[in-house]
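**Q** The structure that follows is given in the form of structure tokens.
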């Protein structure tokens with residue numbers, strides 16, 4: 001199966017992507033020629049990771065009849081000093097709130113996501129093939 | 139330098155992330171327990187990649203005095219059949235429109251982004267470390 005997105009340059013450093021019938025604007029901050037019209041694209045990778053593993057975990061916990069009152073995830077990435085600047089280490093922290101939540105089931109749900117289901121985690125750990133091409137039209 | 143995002147569970151499969159003072163909602167589609175309130179998280183990785191390399195390319199071209207009238211990027215990912223399902227191959231296509239655009243400069247700008255500046259491309263190619271932990275509060 002293939003996924004495809006389109007991302008259009010707006011002006012200066014701002015881009016607008018069409019993805020699953022939604023629009024996401026990305027932009028640089030003022031120090032880097034942008035106007036902060038949207039988040040930085042690199043940080044979006046962390047959002048992508050949080051959403052992917054978060055959906056796994058909440059779906060697995062539902063099957064286990066574990067229902068947290070609140071659930072949020074923080075994702076922290078350490079950027080390399082040199083170019084290309086990327087996250088050389090990423091820490092995902094899952095925060096649950098609720099009465100009598102079973103820690104063993106929560107741990108199991110996270111492990112299943114990290115080891116078996118979360119495609120973004122797997123891709124970030126293992127790497128993938130990125131190819132490129134271009135077209136020019138008058 | 140560190141980047142940090144927070145991503146909060148809303149309901150069912152919907153999550154809301156706070157990133158660079160912007161809010162991004164992600165959701166599953168109806169077939170997977172969601173309501174399509176936002177894009178799928180995995181597809182956001184492709185958006186992140188497009189924005190990261192797009193900003194490089196447009197900034198480099200500006201320094202080279204190459205100004206396209208229009209510029210958009212398509213990113214296509216091939217998903218693995220088995221879990222964890224991730225993009226085993228990603229193709230980034232840069233589309234330029236404009237009068238007398240110098241193909242050699244455009245190629246150079248893309249190459250500089252892919253080889254030297256685009257952190258998302260580098261991270262996806264090389265892989266990174268992903269660790270996890272969790273907290274439970276009553």
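Chains as they are written, first to last, in the numbering used here: chain F, 1 to 138; chain X, 139 to 276. Ideal Cβ positions, reconstructed from N, Cα and C, are used throughout, including at glycine. Nothing here was measured: the structure is a model prediction, and the numbers come from that model.
Counting along the chain, where does the beta strand (DSSP E) carrying residue 141 of chain X start and finish?
**A** Position 3 of the second chain, counted from the start, is the residue given in the question as residue 141 of chain X. Start and end: 140-149.
**Q** Can you tell me whether residue 261 of chain X is helix, strand or coil according to DSSP?
**A** Stepping through the second chain from its first residue, residue 261 of chain X is reached at position 123. Helix.
**Q** Excluding sequence positions up to five away, which residues of its chain have a Cβ less than 6 Å from the Cβ of residue 279 of chain X?
**A** Any property of residue 279 of chain X remains undetermined from this structure, which presents chain X solely from 139 to 276.
**Q** With DSSP collapsed to three states, give me the class of residue 205 of chain X.
**A** By one-based count along the second chain, residue 205 of chain X stands at place 67. If DSSP states are grouped into helix, strand and coil, residue 205 of chain X belongs with coil.
**Q** Alpha carbons only, please: which of X:221, X:200, X:183, X:203 is nearest the one belonging to residue 257 of chain X?
**A** Looking up residue 257 of chain X in the second chain gives position 119. Ranking the options by Cα distance to residue 257 of chain X, first place goes to X:183.
**Q** According to DSSP, what are the bridge partners of residue 230 of chain X?
**A** Taking the first residue of the second chain as position 1, residue 230 of chain X is located at position 92. Answer by DSSP bridge pairing, in chain order: F:132, X:213.
**Q** Does the segment 195-215 of chain X come close enough to the segment 229-243 of chain X to have 3 or more Cβ pairs within less than 8 Å?
**A** Taking 8 Å as the limit for Cβ pairs, the verdict is that the segment 229-243 of chain X does touch the segment 195-215 of chain X.
**Q** Buried or exposed for residue 161 of chain X, please, with buried defined as at least 16 other CB atoms from any protein chain shown within 10 angstroms of its CB.
**A** Here residue 161 of chain X refers to the residue found at position 23 when the second chain is read from its first residue. The residue in question, residue 161 of chain X, is exposed, as its Cβ has fewer than 16 Cβ neighbours within 10 Å.
**Q** Under 9 Å, CB to CB, which of the residues in the segment 78-99 of chain F have a partner in chain X?
**A** Those would be 78, 79, 80, 81, 83, 84, 85, 86, 87, 88, 89, 90, 91, 92, 93, 94, 95, 96, 97, 98, 99, in chain order.
**Q** Count the other C-beta atoms from every protein chain shown that fall within 10 angstroms of the C-beta of residue 151 of chain X, then say buried if there are 16 or more, exposed otherwise.
**A** Taking the second chain and counting its residues from 1, the one referred to as residue 151 of chain X is at position 13. Residue 151 of chain X should be labelled buried.
**Q** Note down the Cα distance separating residue 137 of chain F from residue 123 of chain F, rounded to an integer number of angstroms.
**A** Numbered from 1 along the first chain, position 137 holds the residue referred to as residue 137 of chain F. Numbered from 1 along the first chain, position 123 holds the residue referred to as residue 123 of chain F. The straight-line gap from Cα to Cα measures roughly 34 Å.
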